[in-house]
Amino acid sequence: MHGLIFRTVEAFVSDAFGTGSWQDAVAIAGLEVSAFEAMLQYDPAYFPRLLDGCAEALDRPRSVILEDIGAYLITHQNHASVRRLMRFGGDTYSELLHSLDELPGRTRLAVSGLELPQINIREPIPHQFVVTCHGDPAGFGHVLVGLLRAMADDYGTLAVLEHRGVRDAAEVIEVAVVEAAFSEDRGFMLADRAEDALT
Amino acid sequence: MITALDLLAQLRPLHVCVGRTGHIRQVGHSLAKLGAGDLTGLRFLEAFEVLRPAQPSGMVGLRSLAGQVLRLRLRAEPGMILRALVVDDGAGGVILDLSFGIAVIEAVQRFGLTARDFAASDLAVELLFLQEAKSSAMAASFSLNARLDGARLAAETEAMTDGLTGLHNRRALDGALGRLGQSDTHFAVLQMDLDRFKPVNDTLGHAAGDAVLRRVASILRAQTRQDDLVVRTGGDEFLVVCPGLTDHARLDQLSRSLIHDLSQPVDYEGMQVQIGVSIGIAQSASTPKVTPEGVIERADIALYAAKRAGRGRYRLWTEDMGHSLTELAAPQEPAQA
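Taken in order, these protein sequences are the chains called A and B.
The opening residue of the first sequence carries number 26 in this note's numbering; numbering runs sequentially from there.
The opening residue of the second sequence carries number 916 in this note's numbering; numbering runs sequentially from there.
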């Protein structure tokens, strides 16, 4: 499993709760490593154990932690490049949602070996979207909820997102776009230079 | 049915239509952003310079390039090479469909282009995404490499260093001797053995022994030059390699001064501690040439001779001391470490 995933969890826990909490989480998880490198591969079995360790150390459900990680990736200054790479998905929030099925492919382009679940997107009723995530890593839907919620703010769009659990082995997310231009768009120029690393 | 010109305007944001007179009749909406302003009405060859495959001087020449891909540039932006497919419009003029090629990244930065400035079918935005993603991933990779390299250097230094005194260890000595063996640099070796060190360890404990060894290290560092290699080769054995030092008078002076400083009594937790040192010296400058290991062995022999003469002495190896420690030591007890 790609180190970038583990490194993101580590960065989130350390930045948001302090390195002490991270050390607790690793100790509870009982992993052989205490710090992760973004550009190395790790045993996939570490991932659920690490999440359980974080849940216990931070005293909150895994789903909440995953959702916060999604938001953290978009809003934290250390990960400005993730926000920019997401903004390449479309000029508006609805375009971004419609480009989500390209996200795993785009992610592979960015970092080969970083596999995300297959994502499907439908808009059965205008402005009412259904996003499904199929495959590993399980729980990615929660990360996506946090990420898309933060991206809605980024576009200045008012949207309501909800993780509806697992249906037919796929995580289901519902997104209602209430108002496209609700607040100020943070803006996006193609030409900005990426100065920050992915981690 | 949509007209050809309208179709071009909608599909190709970087096209140029040139009439039979050689004047620009229509341009795509993105061309105006490239720093040359509105080009319509200008003579094409005054606005653009065609570089390859030929430099046409008029419409006849330009039309003869139909079907080919040109390299050209805006005269107002000579730094940016564009490419363009030339199509004969069948009415005496040509249509050129321009693209940035690999210069797209630079063009986007320079002119603040947006996704709308490219045709919907154009992969320019994907190229930009890839460029940005690649930079981020490379940065992460570089930072990992930098950390690994730092760890490697630290491990290497640690492997070459004696943990207690911070002096070099035998591994570092072997490396240095290997390098000296390859070069023509003459050098001297001072082989040192502390006197009365064992009683310090035995009566005052290892902490006292360690403090004494650290003091020895700091005296050795203070008395030697930057390029000298100071090594702790064993428990109470030290060695200094002095590249380029061949002057006997200076070796005498260095040895006397080391013996003097190391024999000074020091306080350890209210108790007086006094050790001493014996020194054997050998030099590489001799014929026939000796190996660095041979020089070390001669220094060992000289050290043995110094100890036999009494404590706190130094001896420079001479031919009459012999070449082998074993034959020298045979009649008596071997030199104690």
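Just so it is clear, CB atoms sit at the ideal spot from N, CA and C, and this is done for glycine as well.
Query raised in the report: Would you report the Cα separation of R1147(B) and R1086(B), rounded to the nearest angstrom?
Result: Taking the straight line joining both Cα atoms gives about 10 Å.
Report task. Go ahead and pull the three-state DSSP assignment for F37(A). Result -> Reduced to three states, the DSSP call for F37(A) is helix.
**Report entry** Status (buried if at least 16 other CB within 10 Å, exposed otherwise) for T33(A)
**Finding:** With 16 or more Cβ atoms within 10 Å of its Cβ, T33(A) is classed as buried.
**Report entry** chain A within 8 Å of F1015(B), Cβ atoms only
**Finding:** Output row for F1015(B): interface = no.
Report task. Count the other C-beta atoms from every protein chain shown that fall within 10 angstroms of the C-beta of G225(A), then say buried if there are 16 or more, exposed otherwise. Result -> Because residue 225(A) is not part of the residues shown, which for chain A are 26 to 224, the question remains open.
Query raised in the report: Closer than 8 Å, Cβ to any Cβ of chain C: which residues of the stretch 49-70 of chain A, in chain order?
Result: Given the protein chain composition of this structure (A and B), no chain C is represented.
Requested in this report: Between the Cα of H152(A) and those of C158(A), R131(A), L186(A) and D193(A), spot the shortest distance and give me the residue it belongs to.
Outcome: Closest in C-alpha terms to H152(A), from the list C158(A), R131(A), L186(A) and D193(A), comes L186(A).
Query - Status (buried if at least 16 other CB within 10 Å, exposed otherwise) for A1055(B) - result: So A1055(B) counts as buried.
Report task. Out of R174(A), F213(A), R133(A) and H167(A), state which residue places its alpha-carbon closest to the alpha-carbon of A1052(B). Result -> Selected option, being the one with the closest Cα: R133(A).
Report task. Mind the definition here: the stretch 1158-1166 of chain B touches the stretch 1111-1118 of chain B only if three or more C-beta pairs lie below 8 Å; say whether that holds. Result -> Contact between the stretch 1158-1166 of chain B and the stretch 1111-1118 of chain B is not established, with fewer than three Cβ pairs separated by less than 8 Å.
**Report entry** Neighbouring residues, chain B, relative to D116(A) (Cβ below 9 Å)
**Finding:** Those are T1029, A1030 and R1031, listed as they occur along chain B.
Requested in this report: Tell me, please, whether the CB atom of V1002(B) is closer than 8 Å to any CB atom in chain A?
Outcome: When Cβ-Cβ separations below 8 Å define contact, V1002(B) makes no contact with chain A.
Report task. Can you check DSSP and say which residues form a bridge with T1294(B)? Result -> Given a span of 916 to 1252 for chain B in the structure shown, any question on residue 1294(B) remains unanswerable.
Query raised in the report: Hey, would you say T117(A) sits closer than 8 Å to A175(A), going by beta carbons?
Result: Against a cut-off of 8 Å, the Cβ pair of A175(A) and T117(A) comes out as no contact.
Query - Alpha-carbon to alpha-carbon, R1223(B) and M1186(B) - result: Distance between the alpha carbons of M1186(B) and R1223(B): 29 Å.
Query - For C1157(B) and F1102(B), the rounded distance between their alpha carbons - result: Rounded to the nearest angstrom, the two C-alpha atoms are 5 Å apart.
Query - Beta-carbon proximity check, R998(B) vs L980(B), cutoff 8 Å - result: With respect to the 8 Å criterion, R998(B) and L980(B) are not classified as neighbours on the basis of their beta carbons.
Requested in this report: Take every Cβ of the stretch 918-927 of chain B, pair it with every Cβ of the stretch 157-170 of chain A, and state whether three or more of those distances are shorter than 8 Å.
Outcome: Counting Cβ pairs under 8 Å, fewer than three are found: no touch.
Requested in this report: Show which residues of chain B have a CB atom less than 7 Å away from the CB atom of R131(A).
Outcome: Ordered by position in chain B, the residues that pass the 7 Å Cβ test against R131(A) are F1044.
Query raised in the report: If we count Cβ pairs, one from each stretch, closer than 8 Å, do we get three or more for the stretch 46-55 of chain A versus the stretch 123-140 of chain A?
Result: Contact between the stretch 46-55 of chain A and the stretch 123-140 of chain A is absent, because fewer than three Cβ pairs lie under 8 Å.
Query raised in the report: On the three-state DSSP scale, how would you describe P1158(B)?
Result: Looking at P1158(B) - three-state DSSP - the assignment turns out to be strand.
Query raised in the report: Which residues in the same chain as R211(A) place their Cβ atom closer than 6 Å to its Cβ, once the five residues preceding and following it in sequence are excluded?
Result: The beta carbon of R211(A) lies closer than 6 Å to those of D179 in the same chain, with the five residues before and after it left out.
Requested in this report: Could you check what DSSP says for F1112(B) in three-state terms: helix, strand or coil?
Outcome: Looking at F1112(B) - three-state DSSP - the assignment turns out to be helix.
Query raised in the report: Mind pulling the chain B residues with CB within less than 8 Å of V136(A)?
Result: Going along chain B in sequence order, the residues near V136(A) (Cβ under 8 Å) are A1048 and A1052.
Query raised in the report: Would you report the Cα separation of N145(A) and D126(A), rounded to the nearest angstrom?
Result: Those two C-alpha atoms are separated by around 5 Å.
Report task. Whole angstroms is fine: what's the gap from R988(B)'s alpha carbon to G952(B)'s? Result -> If I take the Cα positions, the gap works out to 14 Å.
Report task. Taking only the alpha-carbon atoms, compute the straight-line gap between R108(A) and E35(A) and give it to the nearest angstrom. Result -> Rounded to the nearest angstrom, the two C-alpha atoms are 19 Å apart.
Query raised in the report: Does the beta-carbon of G1225(B) have 16 or more other beta-carbons within 10 angstroms, so that it is buried, or is it exposed?
Result: Looking at its Cβ environment, which holds fewer than 16 other Cβ atoms inside 10 Å, G1225(B) is exposed.
**Report entry** Where the stretch 1136-1157 of chain B meets chain A: residues whose CB sits under 7 Å from a CB there
**Finding:** Listed by position, the residues of the stretch 1136-1157 of chain B near chain A (Cβ gap below 7 Å) amount to none.
Report task. Please say whether A96(A) and G171(A) have beta carbons closer to each other than 8 Å? Result -> The Cβ atoms of G171(A) and A96(A) sit closer than 8 Å to each other.
**Report entry** T1195(B), enclosing beta strand (DSSP E) - first and last residue
**Finding:** The sequence given here has Gly at residue 1195(B), not Thr. Taken as a continuous stretch (DSSP letters only), the beta strand (DSSP E) holding G1195(B) covers G1191 to Q1198.
Query raised in the report: Can you list, in chain order, the residues of its chain whose CB lies under 8 Å from that of T1080(B), leaving out five sequence neighbours each side?
Result: Once the five neighbours on either side are set aside, the close Cβ partners of T1080(B) are L1128, R1129, V1131, A1132 and R1147.
Query - Neighbourhood of S124(A) by C-beta distance below 6 Å, restricted to the same chain and skipping five residues each side - result: Sequence-distant partners of S124(A) (beyond 5 residues in either direction) whose C-beta falls short of 6 Å from its own C-beta, in its chain, are G114 and G115.
Query raised in the report: Of all the CB atoms in chain B, is at least one closer than 8 Å to the CB of M214(A)?
Result: It does: the Cβ of M214(A) has a partner Cβ on chain B nearer than 8 Å.
Query raised in the report: Buried or exposed: which applies to H104(A), given that a residue is buried once 16 or more other Cβ atoms fall within 10 Å of its Cβ?
Result: Of the residues assessed, H104(A) falls on the buried side of the cut-off, its CB having 16 or more other CB atoms within 10 angstroms.
Requested in this report: Taking A1221(B) as part of the alpha helix (DSSP H), name the residues at either end of that continuous run.
Outcome: A1221(B) -> alpha helix (DSSP H) spans P1207 to R1223.
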